[in-house]
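Residue numbers (this note's numbering): 80 to 298. Taking it in order: structure first as structure tokens, then the write-up.
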């Protein structure tokens, strides 16, 4: 990510500085202002003042650890997070990990490190979002494959057709209804499940499912 592009994007984002108004807090606020980035200062962090924030710069100090419940941690995990830490306490580092910090600033904060940390955090957050989208897309594809396989199996058992013809039948029905094969497969699987739920443990159904129907071709 180019620095200019990052700054331009950050200028459109809501930045929350969750830090006491001490030397570090004032320095960070001044650096953000110098870069043309507007920020809202809050301390301590709460759900109310966090929800409208895109980028959160948080002072991770021991005294706020006990204030972090599950809801607040979950809300921070949705943000681009830069943690400000004063020392490497296990408690402090644990919280920084729990809130998915993408970058860190170390106290005493130096002016030249503020922008670098925010850009790094933004870049890492965007990469993680992109990776998550790819994972969701793959999961969706796998689910579609599973539905198509179930629909084909149902057609093979009830129509007595081969796997190839079951897929052809599925495709033809989808074309007739002007929907995707996945949507058609989902409808067939839903209908099958509704039939099973309606009939329950029907002996005739069990025998039909267990019997091997003769294979026939679909024209």
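All C-beta atoms in this analysis are idealised placements derived from N, C-alpha and C, irrespective of residue type, glycine included.
Item                                                                                                                : Value
Beta strand (DSSP E) runs wholly inside the segment 176 to 210, at least 3 long, in chain order                     : 182 to 185
Residue 215 versus residue 200 - alpha carbon distance                                                              : 22 Å
Residues near residue 194 in its chain [Cβ-Cβ closer than 8 Å; skip 5 each side]                                    : 82, 86, 110, 114
Short Cβ contact (8 Å threshold) for residue 84 with residue 186                                                    : no
The segment 223 to 232 touching the segment 138 to 147, judged by at least three CB pairs closer than 8 Å           : no
Among 259, 117, 135, nearest to residue 123 - alpha-carbon criterion                                                : 135
Assigned exposure category for residue 150 - 16 Cβ within 10 Å defines buried                                       : exposed
Sub-8 Å separation of residue 154 and residue 126 beta-carbons                                                      : yes
Opposing strand residues paired with residue 258 [DSSP bridges]                                                     : The partner list for residue 258 (beta bridge, DSSP) is empty, contrary to what the question assumes.
Top-ranked residue by Cα proximity to residue 128, from 179, 95, 206                                                : 95
Which of helix, strand or coil DSSP assigns to residue 95                                                           : strand
Strand pairing of residue 137, partner residues [DSSP]                                                              : 97, 162
C-beta atoms of residue 230 and residue 277 nearer than 8 Å                                                         : no
Three-way DSSP call (helix, strand, coil) for residue 81 in this model                                              : coil
Residue from 205, 120, 159 whose Cα sits closest to the Cα of residue 179                                           : 159
Residue 182 classed as buried or exposed, judged by whether at least 16 other C-beta atoms fall within 10 angstroms : buried
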